[in-house]
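Please read the structure below before turning to the comments.
In my numbering, the protein residues as written are 2 to 128.
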């Protein structure tokens, strides 16, 4: 049985994905490794052809959700980057390291964004 925090989070994500009108879910995988550890892999194709790909490795630590790793990649219908948030530690000089956001014209530092907000950002990415 999944930990309550993990079950609630995955339910919120599933609801947010279901709210993407005019989108097709190409992949939705919740890989439950233990009651307190899961991997999430989702691909959402929007009606205008752009794609949001979500990858998360989540664990419950000290009774809180903790992200071991994540990547939220959004591209247009020509496979050009719109944005990508990730935690790959390859920009140590940015604020919020290792968290950062790739944009077509560069990289900015910051914190890990809330996945629900990322889904909303992708929904509005092409107006």
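Virtual Cβ for every residue (Gly too), placed ideally from N, Cα, C.
Please read these numbers as outputs of a predicted model, since none were measured by experiment.
So who's on the other strand from residue i, going by DSSP bridges?
i: residue 51; result: For residue 51, which the question treats as bridged, DSSP gives no partner whatsoever.
i: residue 38; result: 35 and 60
Alpha carbons only, please: which of the options is nearest the one belonging to residue i?
i: residue 111; options: 90, 66 and 126; result: 90
i: residue 120; options: 24, 64 and 107; result: 24
i: residue 9; options: 82, 37, 22 and 28; result: 37
i: residue 5; options: 98, 122 and 62; result: 62
i: residue 58; options: 52, 51 and 70; result: 70
i: residue 55; options: 48, 27, 98 and 125; result: 27
Let me know if residue i comes out buried or exposed under the rule of 16 or more other beta-carbons within 10 Å of its beta-carbon.
i: residue 19; result: exposed
Rounded to whole angstroms, what is the Cα-Cα separation between residue i and residue j?
i: residue 1; j: residue 68; result: This structure cannot settle anything about residue 1, because the visible part of the chain is limited to 2 through 128.
i: residue 107; j: residue 75; result: 15 Å
i: residue 103; j: residue 41; result: 21 Å
i: residue 2; j: residue 30; result: 17 Å
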